[in-house]
Every structure is written in C-alpha cells, then in structure tokens.
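Let me begin by presenting the structure, written as structure tokens, before commenting on it.
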Amino acid sequence: MRSFFTILIFQTLVYKCSAEALYKAIYWDVKPWVITDEKSGNKTGIIPDLVSRSRFFCGTMDGYKELIEYSKNFTSANDMFQLFLSGTPYGQGELANFTSKNAIWIPYLKILDDADIEKLYERNSTYFVIDRIREMVVIESEWKISLQYKFLIGLYECHMVFIYVFLFTTTYSVVVWLLERNVNENVSRSFFKGFLDAFWMNNVTFVTVGYGDIYPRHIGTKILMIGWMFFGLFYASMMTALVMAIVEGDGSDLLSYQKTIAVMDNSFEKTYIERNYDVNIIPTRTYYESIDKVRSGEVDAAIMNSQTAAWYKEDILTTNHDNPVKFVGKIKIDIPMLVVFPKPSDDIVQKTWLCVKEYWEEIVEYAFHKYTKVAEINTHQVNDVIYSFKYTPIKVALTLTVMTILAGFAFDQWSKRKSVRIAQVDSNGATKEDAKMNNNEQAVVTFYNK
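According to mature numbering (1 follows the signal peptide of the UniProt record, and there is no 0), the residues represented by the sequence shown are -19 to -1, 1 to 431, in order.
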C-alpha cells in the first residue's frame, strides 16, 4: 500500500504539465473505498481521501487537472473483474480512453488466481495492497434468529441424543421389570404391563421427579437407580448446554449445514467460501442481489465483507420488507484489498518513500480510521407477542391451541347433554314402572272386592 501512494505522489511532482489527469481510474463505486455523492458527483471514501491527503502533505498539483480522474464507473465488481480479465486491450472498446501507463483499477476485491496474474502481465501492470479485509458477515432472515426458532433448532440438533436415551431407557426398563416383577406389587408380572410400569418408573427417576406411585423394592434395582439418577442429571445439563449453545451461537457456524449461500460472483468472498465450506453457492452480480435472494427465501444466507456491510446496513437491515434480514455472524478472514496499477520503475519507489514514511499517520491511518464502521451482529432476537404472530410456526401453534380448547369445550357440552338425556331416560322409565305397578295393585284390590 505504501509503495502505491508514494508512486502517485512522486509522479505528481515530476511529470510534465498536462491538461488531463495523470491517471484514469476504472473503479467500482462501493463504500467505504469509493463513495460518490449523488448530488454533486464528488468522490469521497478511503481511496479519494488518501489521494487528496497525499497531495496536501507531499506536493502540489501545479500543471495537472487532477491526480486521478474517475473515468469509468461500475456498480458491480463482477462486471469490472470480467472487463479486466477479458481480451479487450487498452485503447479499444470499453477501454478506448485508457493506456497501460494511465489505467488503474480500484478497488480490486478479489483473491488473485492464475488468470488474474496472467492478465497483470499482459497489461504491463502490478498490484499493491492498500487494505486488508478482516471479517465477513453472514446475513440471514430475521425470523431465523428469533428465540422460538433457535430453540426448536436446538432441540432438533439434539434428536440423536433423544434417540439414544430412549433406547437406553427401553433396555433399562426390561432389566428393572425382571428384578421387580416378583417383589413389587406395583409392577405387573405380565411383560407388557410390567414393562410399562418399569418404563414409567425409570422416566420419573431419570428426570428426578419421583412421584412415589411406583418405587423400587429389589436391592439390585435400588443400586441401578442411583446411577440412573446421576445419568439423568448429566443428561439434563448436557441438553441445556447444547440448546443454549445454538441459541447463543452466531451465524458463522451455520454454514456447516446451510445448503444454499448467495455470494457475489468473482469476489474474494465467493473464493473463500468455496475453499473452506461445503455449501451450494448461488453467484450474484451485486451485494444487493444476494440480499434480495435471502429476503425472497431463495437461499438460506448471504455473505459479504463486513466493511461494506457496515456502510450499507441501513439499506440492508431496513424493516420495509415482508422478510427483513439481520447480520447474524462473522467469519474471520485475512484478505488483501488491491489496486491494479501500471508498473513503475525502481528509482521512483526509492526516491518517494521518505515522503510517505514521514507523514504515514497523517496520510494513511487517518483515512482508514475516518471511514471505519462496525457491522453489529444479532445472535438471537426476542420478538414481542404481536410481532411473533407473523411467523407460520407461531400461527400453526396458536391455531392448534385454539382448536384444542374449543374441542375441549365442545366435548364438555356434549358430555353434559348426554348426562341429561340419560337422566331423562331413567326418570321416564321409572315413572312408567311405577304406573304399571299401581295399575296392577288396583286390579288386585278390585278383584278381591268383587
């Protein structure tokens, strides 16, 4: 990075006067490196600030219109990378206004591969590191970090533990039934009913509830139950820890099981994910397209560098969407941010180094600190009751709850009506029998009177 700016400064001082800019930039308009004011068109950001401060501390622009003219703008880094790697030579096509001596490409956010190195050689260019990207952020739908969803995911992740415990409990219950069947009157001697009695006793003991309706009598069962209780305590602690780890965990570990990830094509983010994670990558042209795919549900998550995410967070995290998104995790990386630049001569570097070295803090560190922002992450979110009702699982659970309550009321009313009908039938039957007996008695009396 230092060599790049020292070259710019020195060449500004030694080149002959010109009506044009010394360099013409083919640039990607992306925050915080190059920021274009929508009204005035003026350029700010890390790179323009570095250039302007270099001119201030190390020399003037006498005879030059500008040090860098921002000539060709790309809204997509992918389009810029494709143009660089294409066969279009300087002076032709989209590069008609550029030469191998004045063209610089900024910022070149890409891990250089063999194709990039070959094109650098063909274009008589080199590259300089002007910054390092330290983090990438994972972006997911907001509902995926809701407390209720992460709790359900935590339980699901522990499903194998549930299966193992069920199998252990089943085997344990058979052993307990064999020991208790002849000494415990609360455990049936028949296998099926006795197994259910033992299974109930094991589960009550396992969760340390102890209702007392069934308790061990055999000395062997009592010894086994001591170990079973300690195992239950260990199991409860382990389950709590596993579920809480998922609830409190950030999104960086979600890539281990996410199936589809949206990443900008030809970017260092895409290269890094391809090399380090076994996921299905959906390439996009821009960061915004990646975010839109998350909002639409086409992908599980999106990846972008944290510096850019921090500058665009108001647009990304807006709630004016049916499916808002959040920064849910960070991935630690160490990727250089490059500027592709015409090859300089060695004497230029030697003669200009002292200037930048003397004003290093004023020129370089000041610019980076000035444009540093942080992308805060949310590992989980507790939604209010009304907001929670927008999610389908909550709607389903609420619907089932209401239906169950209504079914209970309906059953209660049906039972009451059935009881009333039975009572009426019994009452009518008794009245008929009484009338019949009275008629018989009256007939007997009449017979004797005669």
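Cβ atoms here follow ideal geometry from the backbone N, Cα and C, with glycine treated the same way.
Here the structure is a predicted model, which is why all the values come from computation and not from measurement.
query = Just checking my contact of residue 229 with residue 34 at CB under 8 Å: how many whole Å lie between their CB atoms?
reply = So it is not a contact: roughly 43 Å between Cβ atoms.
request  = Go through its chain and collect everything with a Cβ distance to residue 316's Cβ below 6 Å, but skip five positions before and after it.
outcome  = Residues 114 and 249 of the same chain have their beta carbon placed closer than 6 Å to that of residue 316, with the five preceding and five following residues left out of the count.
query = Roughly how many angstroms lie between the CA atoms of residue 339 and residue 75, to the nearest whole one?
reply = Rounded to the nearest angstrom, the two C-alpha atoms are 39 Å apart.
request  = Decide if residue 282 is buried, meaning its Cβ has at least 16 other Cβ atoms within 10 Å, or exposed.
outcome  = That one is buried.
Beta bridge counterpart(s) of residue 112 as assigned by DSSP = The partner list for residue 112 (beta bridge, DSSP) reads 318.
inquiry  = Does residue 356 come out as helix, strand or coil in the three-state DSSP assignment?
reply    = Under the three-state reduction of DSSP output, residue 356 falls in the coil class, being neither helix nor strand.
query = Closest to residue 269 by CA distance: which of 110, 298 and 252 is it?
reply = Comparing alpha carbon positions, the residue from 110, 298 and 252 closest to residue 269 is 298.
ask   = Is residue 285 closer than 9 Å to residue 120 when the C-beta atoms are compared?
value = Yes. Within cutoff.
message = DSSP three-state label for residue 21, please.
response = Assignment of residue 21 by DSSP, reduced to helix, strand and coil, places it in the coil class.
request  = Return the first residue and the last residue of the beta strand (DSSP E) that residue 5 is part of.
outcome  = 4 to 9 is the span of the beta strand (DSSP E), which, as asked, contains residue 5.
request  = Kindly list the residues whose CB is nearer than 6 Å to the CB of residue 53, restricted to its own chain and excluding five residues on each side of it in sequence; keep chain order.
outcome  = 7, listed in sequence order.
ask   = Span of the alpha helix (DSSP H) holding residue 152?
value = Taken as a continuous stretch (DSSP letters only), the alpha helix (DSSP H) holding residue 152 covers 140 to 161.
ask   = Under a three-way DSSP split, which group does residue 86 fall into?
value = Strand, per DSSP.
query = Name the DSSP bridge partner or partners of residue 107?
reply = DSSP lists 322 as partners of residue 107.
task = Any chance you could list the alpha helix (DSSP H) runs of at least 4 consecutive residues sitting entirely within the stretch 25 to 80, in chain order?
result = Whole alpha helix (DSSP H) segments, 4+ residues: 27 to 39 and 58 to 66.
inquiry  = For residue 223 and residue 135, I'd like the C-alpha separation in whole angstroms.
reply    = If you take the alpha carbons of residue 223 and residue 135, they lie about 7 Å apart.
inquiry  = Looking at the strands, I want to know which residues DSSP matches up with residue 121.
reply    = Under DSSP, residue 121 forms a beta bridge with 307.
task = Can you tell me the Cβ-Cβ gap for residue 356 and residue 287, rounded? I've got them flagged as a contact below 8 Å.
result = With a Cβ gap of about 5 Å, residue 356 and residue 287 count as contacting.
task = Please confirm whether residue 157 and residue 182 have their CB atoms less than 9 Å apart.
result = For residue 157 and residue 182, yes; Cβs fall inside 9 Å.
query = Going by the CB atoms, is the gap between residue 311 and residue 118 shorter than 9 Å?
reply = Yes, these two residues count as a Cβ contact at 9 Å.
ask   = The beta strand (DSSP E) spanning residue 244 covers which residue range?
value = Here the beta strand (DSSP E) through residue 244 covers 241 to 245.
request  = Give a yes or no on whether the C-beta atoms belonging to residue 240 and residue 260 are separated by under 9 Å.
outcome  = Between residue 240 and residue 260, the C-beta spacing is below 9 Å.
request  = List the DSSP bridge partners of residue 283.
outcome  = 120 and 243.
query = Can you give the Cα-Cα distance for residue 309 and residue 129, rounded to whole angstroms?
reply = Put simply, the backbone Cα of residue 309 is about 16 Å away from that of residue 129.
message = Tell me the DSSP secondary structure of residue 263 in three-state form.
response = The answer is strand: DSSP assigns residue 263 an E or B state.
request  = Would you decide whether residue 395 is buried or exposed? Buried here means 16 or more other CB atoms lie within 10 Å of its CB.
outcome  = Exposed: under 16 other Cβ atoms inside 10 Å.
ask   = Does DSSP put residue 396 in a helix, in a strand, or in coil?
value = Residue 396 falls in the helix class under three-state DSSP.
task = Decide if the stretch 183 to 196 is in contact with the stretch 79 to 90; the criterion is three or more beta carbon pairs, one per stretch, under 8 Å apart.
result = No: the two stretches stay apart, fewer than three of their Cβ pairs being nearer than 8 Å.
ask   = Can you give the Cα-Cα distance for residue 48 and residue 36, rounded to whole angstroms?
value = Straight-line Cα distance between these residues: approximately 8 Å.
key: Coarse secondary structure for residue 313, derived from DSSP in three states   = Residue 313: strand per DSSP, three-state reduction.
task = Pick helix, strand or coil for residue 344, following the three-state DSSP scheme.
result = Here residue 344 carries a helix assignment [DSSP, helix/strand/coil].
inquiry  = I'd like to know whether the C-beta atoms of residue 51 and residue 15 end up nearer to each other than 9 Å.
reply    = Using a Cβ distance threshold of 9 Å, residue 51 and residue 15 count as a contacting pair.
ask   = Quick one: what does DSSP say residue 386 is sitting in, helix, strand or coil?
value = Helix.
inquiry  = So, under 8 Å CB-CB, residue 30 and residue 351 are touching, yes? Tell me the CB distance rounded to an integer number of Å.
reply    = Yes, residue 30 and residue 351 are in contact; Cβ-Cβ is about 7 Å, under 8 Å.
message = Buried or exposed, going by whether 16 or more other CB atoms sit within 10 Å of the CB of residue 245?
response = So residue 245 counts as buried.
ask   = What are the residues that DSSP puts in a beta bridge with residue 362?
value = Residue 362 pairs with 127.
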